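S.K.: Here it is, the structure, as C-alpha cells.
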Amino acid sequence: MTDMESCGGDCAACANAGTHCAGAKVLELTEGEIQLLGKFAQIPFWPAGRRADTEAPVCMEEDMKPEALSALALKGLIRVDFDIPLQNFDYAAYADCAHRGSMALTAAGQRVIELLDIQGAEE
Numbered sequence: 043m044t045d046m047e048s049c050g051g052d053c054a055a056c057a058n059a060g061t062h063c064a065g066a067k068v069l070e071l072t073e074g075e076i077q078l079l080g081k082f083a084q085i086p087f088w089p090a091g092r093r094a095d096t097e098a099p100v101c102m103e104e105d106m107k108p109e110a111l112s113a114l115a116l117k118g119l120i121r122v123d124f125d126i127p128l129q130n131f132d133y134a135a136y137a138d139c140a141h142r143g144s145m146a147l148t149a150a151g152q153r154v155i156e157l158l159d160i161q162g163a164e165e
C-alpha cells in the first residue's frame with residue numbers, strides 16, 4: 043500500500059501539514075504489481091499484445107503476468123495502447139496476438155514509483 047496525495051502534493055503549503063491529509067488516497071498494490079512497476083521504472087516503454095479471446099494485455103519480453111498488467115492499467119499506473127506499436131520492434135513473438143501495441147508508465151505510475159522509493163511499501 044502507498045499513500046497518494048490528491049491535493050497536488052504541495053504538503054508544505056497544506057493547512058493539514060503534520061496531520062493526516064483528508065485528501066490522501068490509499069492505493070493497494072500486490073507484490074507482483076510493485077515488481078512490474080519496478081520494470082517500468084527501468085524501461086518505460088514495453089511491447090504489448092492482446093489475443094482475440096481476451097482483453098488482458100501480454101508482454102513476451104519479461105515475466106509480466108497479464109492479470110498484473112491489467113490491474114496496473116485499471117489503476118491508471120500504466121497505459122496500454124494497441125494503436126501505438128513500438129517503432130523498430132520485431133513483433134514476431136506476438137504472431138498469435140490479434141492486436142499489437144505498446145505499454146508505458148503514466149504520470150501517476152511515475153509518482154507511485156517515486157513514493158515507493160521514498161516511503162517504501164507497507165505490508
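Just so we're on the same page, this note's numbering is the position in the sequence shown counted from 1, plus 42.
Beta carbons: idealized from backbone N, C-alpha and C, even for Gly.
On a predicted model such as this, the values are computed, not experimentally measured, just so you know.
Which of the three DSSP states, helix, strand or coil, is assigned to Gly118?
M.R.: Three-state result, Gly118: coil.
S.K.: Spell out the partners DSSP gives Gly80 in its beta bridges.
M.R.: Its beta-bridge partners do not exist; DSSP assigns none.
S.K.: Buried or exposed, going by whether 16 or more other CB atoms sit within 10 Å of the CB of Ile160?
M.R.: Classification of Ile160: exposed, given that the 10 Å Cβ count is below 16.
S.K.: So which of Thr148, Ala149, His141 has the shortest CA-CA distance to Thr96?
M.R.: Checking every option, the nearest Cα to that of Thr96 belongs to His141.
S.K.: How should Glu75 be labelled, buried or exposed, when 16 other C-beta atoms within 10 angstroms of its C-beta is the threshold for buried?
M.R.: Buried, since its Cβ has 16 or more Cβ neighbours within 10 Å.
S.K.: Go ahead and label Leu116 buried or exposed: buried means 16 or more other beta carbons lie within 10 angstroms of its beta carbon, across all protein chains shown.
M.R.: Leu116 should be labelled exposed.
S.K.: Give me the residue from Phe124, Pro86, Leu79 with the minimum Cα distance to Pro99.
M.R.: If we check each option's Cα against that of Pro99, Phe124 comes out closest.
S.K.: Exposed or buried, Val68, counting other C-beta atoms within 10 Å across all chains shown (16 or more means buried)?
M.R.: It counts as exposed.
S.K.: Mapping DSSP to helix, strand and coil, what is Leu71?
M.R.: It is coil, neither helix nor strand.
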